[in-house]
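Student: Let me give you the structure first, and then I'll get to my questions.
Residue numbers (the working numbering): 1299 to 1394.
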């Protein structure tokens, strides 16, 4: 069983502690990206409160993740089709 890491940081005006399997270096990068995306949304919606900005950030992140998962699934299907065609070609050659 891997040990859990407690990572503390401030997001918006809120202090947070996350319990994660990732090391501090990874979490520092997560924190950097989260703050960068948060600030980008805040620039576009300066009147929005921190909670609204955080919700929009979460929804944007989930949207990006879902798009990548769909793209990954499509690539897996393409790869499977390619493998099937390659195997069919090999089987066809060996039959002749």
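Here a beta-carbon is modelled for each residue, glycine too, at the ideal position from N, C-alpha and C.
(1) In three-state DSSP terms, what is residue 1322?
(2) Going by DSSP, which residues form a beta bridge with residue 1304?
(3) Which partner residues does residue 1309 have in the DSSP bridge list?
(4) Evaluate residue 1323 with the Cβ neighbour count: other Cβ atoms within 10 Å of its Cβ, from every protein chain shown; 16 or more gives buried, anything less gives exposed.
(5) Give the straight-line distance between the Cα atoms of residue 1366 and residue 1381, rounded to the nearest whole angstrom.
(6) How far does the alpha helix (DSSP H) with residue 1347 in it extend, from its first residue to its last?
(7) Could you pull out every residue in the same chain whose Cβ sits closer than 8 Å to the Cβ of residue 1314, ignoring the five residues on either side in sequence?
(8) Would you tell me roughly how many angstroms separate the C-alpha atoms of residue 1333 and residue 1390, rounded to the nearest one?
Tutor: Answer, in terms of the structure:
(1) The residue you call residue 1322 lines up with position 24 of the chain shown. Helix, per DSSP.
(2) If you number the chain shown from 1, residue 1304 lands on position 6. Note: residue 1304 sits in a beta bridge opposite 1317.
(3) Residue mapping note: residue 1309 aligns to position 11 of the chain shown, counting from 1. In the DSSP output, where bridge partners are listed per residue, residue 1309 has 1312.
(4) Within the chain shown, residue 1323 is the residue found at index 25, counting from 1. Answer is exposed; the Cβ neighbour count stays below 16.
(5) Numbered from 1 along the chain shown, position 68 holds the residue referred to as residue 1366. Numbered from 1 along the chain shown, position 83 holds the residue referred to as residue 1381. Straight-line Cα distance between these residues: approximately 22 Å.
(6) Taking the chain shown and counting its residues from 1, one reaches residue 1347 at position 49. Element bounds for residue 1347: n/a, residue is neither H nor E.
(7) As a working note, residue 1314 is residue 16 in the chain shown. 1306, 1307 and 1308, listed in sequence order.
(8) The sequence position of residue 1333 within the chain shown is 35, counting from 1. The sequence position of residue 1390 within the chain shown is 92, counting from 1. CA-to-CA, the gap between residue 1333 and residue 1390 works out to about 56 Å.
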